[in-house]
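What follows is a set of notes on a single structure, which appears directly below.
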Ligand code: ATP
Ligand code: ZN
């Protein structure tokens, strides 16, 4: 029988991939980059890294396919708009910081959320935006886009957008300015709803302690 192994779901490539790898290495785990791109083994612990798209991480962890996962709070909040996210989050990781903001063309005299009343807003975050609009008593049409949200106003697809912003350079390049803050995000460590198999409890506890130590020293 094969020994059970813990799984940590991480982004395969992208903005969180390097820092996730550093956190894992920082916790003393030696990653073996194997031929299987989906699953990398940890040499010195009964742990595997499940390397997937960030959008798949909330589901994999919630379903217990992986015991732990590293994902942006924005992705988690969009995926589970009605869940108690705090019960899933083990810790905030202090990297991958970004903000989800409303942005409008430069020539718009944006006076606050009410300006959006009756307008069309393009976003990849329809659930988060929908909640925010509701909280502000605004009724607007949400146009869901998977990517290139920043071109929507120029293409006359929408009057405004709601997108992730870090430096604002992308907005500027598209003749737009950021306005209201909708959500602040950073990478978070999340856990499955059920405890790991008893044989893995020790490894699991050790791992959480080490992650905590790494975050405390780098954060
Ligand atoms: P995947 O191929 O895994 O689906 P992706 O293109 O959806 O990747 P990335 O652009 O790699 O995602 O971003 C991953 C996460 O990094 C975001 O969900 C967010 O939490 C964080 N992030 C940090 N800064 C930024 C930024 N400036 N723009 C977008 N995301 C950012
Ligand atoms: Zn993604």
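Residue numbers (this note's numbering): 44 to 262.
Ideal Cβ positions, reconstructed from N, Cα and C, are used throughout, including at glycine.
Here the structure is a predicted model, which is why all the values come from computation and not from measurement.
Would you call the CB atoms of residue i and residue j closer than 8 angstroms?
i	j	result
residue 120	residue 171	yes
residue 100	residue 72	no
residue 97	residue 59	yes
residue 166	residue 187	yes
residue 236	residue 247	no
residue 109	residue 253	no
residue 230	residue 136	yes
residue 175	residue 225	yes
residue 93	residue 103	yes
residue 133	residue 234	yes
Output the boundary residues of the beta strand (DSSP E) element that contains residue i.
i	result
residue 169	Not the beta strand (DSSP E): residue 169 falls in the alpha helix (DSSP H), residues 169-178.
residue 112	111-115
residue 52	49-54
residue 239	Taken as a continuous stretch (DSSP letters only), residue 239 belongs to no beta strand (DSSP E), as it is neither H nor E.
residue 144	141-148
Does residue i pass the burial test, meaning 16 or more other C-beta atoms within 10 Å, or should it be called exposed?
i	result
residue 241	exposed
residue 117	buried
residue 130	exposed
residue 81	exposed
What is the residue span of the alpha helix (DSSP H) that residue i lies within?
i	result
residue 100	100-105
residue 61	60-69
residue 228	Looking at the DSSP string, residue 228 is not in any alpha helix (DSSP H); the run it does join, the beta strand (DSSP E), is 219-228.
residue 258	244-261
Mapping the DSSP letters down to three states, classify residue i as helix, strand or coil.
i	result
residue 154	coil
residue 210	coil
residue 91	strand
residue 159	helix
With a threshold of 8 angstroms between beta carbons, is residue i in contact with chain B?
i	result
residue 73	Note that chain B does not occur in the displayed structure, where there is just one protein chain.
* Asked: Would you call the segment 209-221 and the segment 144-157 touching, i.e. three or more CB-CB distances under 8 angstroms?
  -> yes
* Any contact of the segment 156-164 with the segment 199-216, i.e. 3+ C-beta pairs under 8 angstroms? -> yes
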